[in-house]
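Inspection log for the structure reproduced underneath, given as structure tokens.
Protein chains: 2
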Amino acid sequence: MCQLLGMNANTPTDVMFSFTGLANRAVEHKDGFGIAFFEGRGLRHFVDHHSARSSPLAKLVQDYPIKSDNVIAHIRKATQGLVSLENTHPFQRELWGRYWVFAHNGNLLDFQPRLHAAFRPVGQTDSERAFCWLMQELAKAHFDMPSIAELSRTLAELMPELARHGTFNMLLSNGQALWAHASTNLFYLQRRHPFGRVQLQDEDLSFDLASQTTAQDRVVIIATEPLTRDEPWTAFASGDLKVFVGGELAA
Amino acid sequence: MCQLLGMNANTPTDVMFSFTGLANRAVEHKDGFGIAFFEGRGLRHFVDHHSARSSPLAKLVQDYPIKSDNVIAHIRKATQGLVSLENTHPFQRELWGRYWVFAHNGNLLDFQPRLHAAFRPVGQTDSERAFCWLMQELAKAHFDMPSIAELSRTLAELMPELARHGTFNMLLSNGQALWAHASTNLFYLQRRHPFGRVQLQDEDLSFDLASQTTAQDRVVIIATEPLTRDEPWTAFASGDLKVFVGGELAA
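Each protein sequence line maps, in turn, to chains D and S. In this text, residue positions in the first sequence follow the working numbering: the first is 37, and each later residue adds one. In this text, residue positions in the second sequence follow the working numbering: the first is 37, and each later residue adds one.
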């Protein structure tokens, strides 16, 4: 299984501290990592099929403050598909003139959807098949970009179709919102004023959030397992689809 | 205007030396840079709207030997569209289960094609419109991935449609081949055994290619202006479309 990290904020925020927490879990999850940062409509997308503990690219992400309003990161332990660049999450496509980014934790069995439209997998994973199917079904359901609320309703109809094939924890973003679906493990946390000092769960590293934030900032962090001690992480229920906009839970 | 760099090789090769040559031209071309590396079907895609001279990402590309068989890089001087991440070349889309990467040097006037299919621009540049139109027309011309020769024939029909709107120097790759079209400035060079020492055009930096290569290696470099002294760069004629496969000129 893999580990997911998502971030949704009302002001461009870096994820260096949270990504460091995620990268430390890459001892077991050594089959590549990836991270995508939206900056408005634009996207930076880094993937490496080396472990997030040893990749120079992962070091860059930990050292270089890339500020973003929506981030999706993933560290991989391969279940289906070879360890190669084309099988490394998150995956990216364009729909309605927006980039979409998707990462999946879990394993779908006997999932061979009919992909008859404009989205086809490049690699061999169940995850990329699921993403292509989601993009195809969204494109069929709406001619052009609908509202976030309408997208959430369509996605809520599509999620059970995927989740019945196995474990389907996922993060999806188009740069305007971040959708998260859980079938087993997913937690989220909102940080807002007053910001304090936080401590990584897995190692002796702490960070003073107040030094980097203003009273108006709101940030949601979503992760497979809580990344910090002493913060009130909320567990998703099985089957939950939540959407985060501007650092707030929207539905 | 911008500067292009392409590389096509028969064995995964790094472009640290050539990219250093390109990055040094970023004094004038300061409005962002991007570089895409194919590794088989997989793709690494780095974009930054900061200058290639100062970006930490550009430094990583110069220091970290990413080996690839097809590379497309671009440094930008904005003509159309804001300086922002979504307007930074190269652009990326998926078609027929392969990633496609495109970069453009030039300026297209009055180019507002009817984009009625699955490819829509995310940013505001003439270049991304041209790429979306190319992908749309390829998707209409072939139901599934044709041979490289057939793709070259289709592209040869499409290029004049774009070039009649202005300057259209471009690089395009799907990871199997690299297509290059010139309307004004484009040069290419093949390096093969025996490899010697090469010297960058713009600065006092030389590199011994023999130390990093075998007798079987073949590499084609394509650039807006010759990057090195004392090597036999060949100029494209206006209207030339060339395709490079495995480090050789194929058509």
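Virtual Cβ for every residue (Gly too), placed ideally from N, Cα, C.
Whose CA, out of D:Pro268, D:His81 and D:Lys103, lies closest to the CA of D:Leu93? For the purposes of this step, residue 93 of chain D is taken as the residue at position 57 of the first sequence. Of the candidates D:Pro268, D:His81 and D:Lys103, D:His81 places its Cα closest to the Cα of D:Leu93.
From the beta carbon of S:Pro126, is the nearest beta carbon of chain D less than 8 Å away? Indexing the second sequence from 1 puts residue 126 of chain S at position 90. It does not; no Cβ of chain D falls within 8 Å.
Quick one: give me the first and last residue of the beta strand (DSSP E) that S:Val83 is part of. Walking along the second sequence from the start, residue 83 of chain S turns up at place 47. Gly78 to Asp84 is the extent of the beta strand (DSSP E) around S:Val83.
Measure how close the beta-carbons of S:Leu277 and S:Leu191 come, nearest whole angstrom, since I'm counting them as under 8 Å. Translated into positions along the second sequence, residue 277 of chain S becomes position 241. Translated into positions along the second sequence, residue 191 of chain S becomes position 155. About 6 Å separates the CB atoms of S:Leu277 and S:Leu191; that is less than 8 Å, so the two are in contact.
At the 8 Å Cβ level, is S:His81 part of the contact set with chain D, yes or no? Here the question's residue 81 of chain S lines up with position 45 in the second sequence. Chain D, which has a Cβ nearer than 8 Å to the Cβ of S:His81, makes this yes.
Beta carbon of S:Ile17, beta carbon of S:Leu187: below 8 Å? Outside the shown range of chain S (37 to 287) lies residue 17 of chain S, about which nothing can therefore be said.
Against chain S, which members of the segment 136–157 of chain D pass a CB distance test of less than 8 Å? Taking a C-beta cut-off of 8 Å against chain S, the contacting residues of the segment 136–157 of chain D are Ala153, Ala154, Phe155, Arg156 and Pro157, listed in chain order.
Are the beta-carbon atoms of D:Ser144 and D:Cys168 separated by less than 8 Å? As a first step, residue 144 of chain D is located in the first sequence; it is residue number 108 there, counting from the start. As a first step, residue 168 of chain D is located in the first sequence; it is residue number 132 there, counting from the start. The sequence shown places Leu at residue 144 of chain D, rather than the Ser named in the question. Not a contact, by the Cβ cut-off of 8 Å.
Are there 16 or more other CB atoms within 10 angstroms of the CB of D:Ala259, so buried, or fewer, so exposed? Within the first sequence, numbered from 1, the residue matching residue 259 of chain D stands at position 223. With 16 or more other CB atoms across the displayed protein chains lying within 10 angstroms of its CB, D:Ala259 is buried.
Residues in the segment 158–191 of chain S having any Cβ partner in chain D nearer than 9 Å: Residues passing the 9 Å Cβ filter: Val158, Gly159, Cys168 and Ala175.
Look at the Cβ atom of D:Ser54, then the Cβ atom of D:Leu40, and state whether they are nearer than 8 Å. Within the first sequence, the letter at position 18 stands for residue 54 of chain D. Within the first sequence, the letter at position 4 stands for residue 40 of chain D. Their beta carbons are not under 8 Å apart, which means D:Ser54 does not touch D:Leu40 by this criterion.
Listed by chain order, chain S residues near D:Glu261 by CB distance under 7 Å: The residue labelled residue 261 of chain D in the question sits at position 225 within the first sequence. Among the residues of chain S, none has a CB under 7 Å from the CB of D:Glu261; the nearest is roughly 28 Å distant.
Taking Cβ positions only, does D:Glu122 come closer than 8 Å to chain S? If you number the first sequence from 1, residue 122 of chain D lands on position 86. A Cβ of chain S is located within less than 8 Å of the beta carbon of D:Glu122.
Does the CB of S:Gly117 have a neighbour CB from chain D at under 8 Å? If you number the second sequence from 1, residue 117 of chain S lands on position 81. With 8 Å as the cut-off, S:Gly117 does not count as an interface residue toward chain D.
Among the residues of its own chain, which have a CB less than 8 Å from the CB of S:Gln98, if the five just before and after it don't count? Mapped onto the second sequence, residue 98 of chain S falls at position 62. When the five nearest sequence neighbours on each side are left out, the beta carbons in the same chain lying within less than 8 Å of the beta carbon of S:Gln98 are those of Met52, Phe55, Thr56 and Ala59, in order along the chain.
Kindly list, in the order they appear in chain D, the residues whose Cβ is closer than 8 Å to that of S:Leu96. Numbered from its first residue, the second sequence carries residue 96 of chain S at position 60. In chain order, Pro92, Leu93 and Leu96 make up the part of chain D whose C-beta sits under 8 Å from the C-beta of S:Leu96.
List in chain order: all unbroken alpha helix (DSSP H) runs of 4+ residues lying wholly within the segment 88–114 of chain D. Along the segment 88–114 of chain D, the alpha helix (DSSP H) occurs as fully enclosed runs of 4 or more residues at 92–99, listed in sequence order.
Beta-carbon neighbours of S:Arg134, restricted to chain D and to distances below 8 Å: Residue mapping note: residue 134 of chain S aligns to position 98 of the second sequence, counting from 1. Think of a sphere of 8 Å around the beta carbon of S:Arg134: the chain D residues whose beta carbon falls inside it are Val158, in chain order.
The alpha helix (DSSP H) enclosing S:Asp162, as first and last residue numbers: Taking the second sequence and counting its residues from 1, one reaches residue 162 of chain S at position 126. Counted as a single uninterrupted DSSP element, the alpha helix (DSSP H) harbouring S:Asp162 occupies residues Asp162 to Ala177.
In the structure shown, what three-state DSSP assignment does S:Arg150 receive? Sequence index remark: in the second sequence, residue 150 of chain S carries index 114 (1-based). S:Arg150 falls in the coil class under three-state DSSP.
In angstroms, rounded to a whole number, what distance separates the CA positions of D:Arg89 and S:Asp253? Translated into the one-based positions of the first sequence, residue 89 of chain D becomes position 53. Translated into the one-based positions of the second sequence, residue 253 of chain S becomes position 217. Note on geometry: alpha-carbon atoms of D:Arg89 and S:Asp253 lie some 32 Å from one another.
In chain D, which residues lie with their C-beta within 7 Å of the C-beta of S:Arg112? Taking the first residue of the second sequence as 1, we reach residue 112 of chain S at position 76. Within 7 Å Cβ-Cβ: nothing; S:Arg112 doesn't reach chain D, min ~13 Å.
I'd like to confirm the pairing. Which residues does DSSP put opposite S:Ala139 in its beta bridges? Start at 1 with the first residue of the second sequence, and residue 139 of chain S comes out as number 103. DSSP, once it has assigned bridges, lists S:Leu207 as partnering S:Ala139.
What does S:Arg77 reach in chain D if we use C-beta pairs closer than 9 Å? Position 41 of the second sequence, counted from the start, is the residue given in the question as residue 77 of chain S. Contact annotation for S:Arg77 against chain D: Ser120, Leu121, Glu122, Val158 and Gly159 [CB-CB distance below 9 Å, chain order].
Under 8 Å, Cβ to Cβ, is there at least one residue of chain S near D:Tyr100? As a working note, residue 100 of chain D is residue 64 in the first sequence. At least one CB of chain S lies nearer than 8 Å to the CB of D:Tyr100.
Over the uninterrupted alpha helix (DSSP H) stretch that includes D:Ser54, give me the two end residues. Taking the first residue of the first sequence as position 1, residue 54 of chain D is located at position 18. D:Ser54 -> alpha helix (DSSP H) spans Met52 to Ala59.
Let's test the definition: count the other Cβ atoms within 10 Å of the Cβ of S:Gly232 and tell me whether it reaches 16, buried, or not, exposed. As a first step, residue 232 of chain S is located in the second sequence; it is residue number 196 there, counting from the start. Under this definition S:Gly232 is an exposed residue.
Take S:Thr124 and list the residues in its own chain whose beta-carbon comes closer than 6 Å to its own, dropping the five residues that flank it on each side. Along the second sequence, one-based indexing puts residue 124 of chain S at 88. Within the same chain, and ignoring the five residues on either side of S:Thr124 in sequence, the residues whose Cβ sits closer than 6 Å to its Cβ are Gly68, Gly70, Val83 and His85.
Local conformation of S:Ser242 per DSSP, three classes: Position 206 of the second sequence, counting from 1, holds the residue named residue 242 of chain S. In this structure, S:Ser242 counts as strand in the three-state DSSP scheme.
Where do the N-terminal and C-terminal ends of the alpha helix (DSSP H) with D:Ala45 fall, by residue? As a working mapping, residue 45 of chain D is identified with position 9 in the first sequence. In the DSSP annotation of this structure, D:Ala45 is not part of any alpha helix (DSSP H); the continuous beta strand (DSSP E) holding it starts and ends at Gln39 to Thr49.
Neighbour-count burial assignment, S:Arg129, 16 or more Cβ in a 10 Å radius: Along the second sequence, one-based indexing puts residue 129 of chain S at 93. So S:Arg129 counts as buried.
Return the chain-ordered list of same chain residues with a C-beta closer than 6 Å to the C-beta of S:Ala153, the five sequence neighbours on each side being excluded. In the second sequence, the residue the question calls residue 153 of chain S occupies position 117. Shown here for S:Ala153: same chain residues with a beta carbon closer than 6 Å to its own, the five before and five after excluded, namely Gln172 in chain order.
Identify the residues that DSSP records as bridge partners of S:Gln128: which are they? Mapped onto the second sequence, residue 128 of chain S falls at position 92. DSSP, once it has assigned bridges, lists S:Val137 as partnering S:Gln128.
Coil, strand or helix - S:Thr220 by DSSP: Numbered from its first residue, the second sequence carries residue 220 of chain S at position 184. Looking at S:Thr220 - three-state DSSP - the assignment turns out to be coil, as it is neither helix nor strand.
D:Tyr224 vs D:Ala216 beta-carbon contact at 8 Å: Within the first sequence, numbered from 1, the residue matching residue 224 of chain D stands at position 188. Within the first sequence, numbered from 1, the residue matching residue 216 of chain D stands at position 180. A contact, by the Cβ cut-off of 8 Å.
Once DSSP output is grouped into helix, strand and coil, what is the label at S:Thr190? Translated into the one-based positions of the second sequence, residue 190 of chain S becomes position 154. In this structure, S:Thr190 counts as helix in the three-state DSSP scheme.
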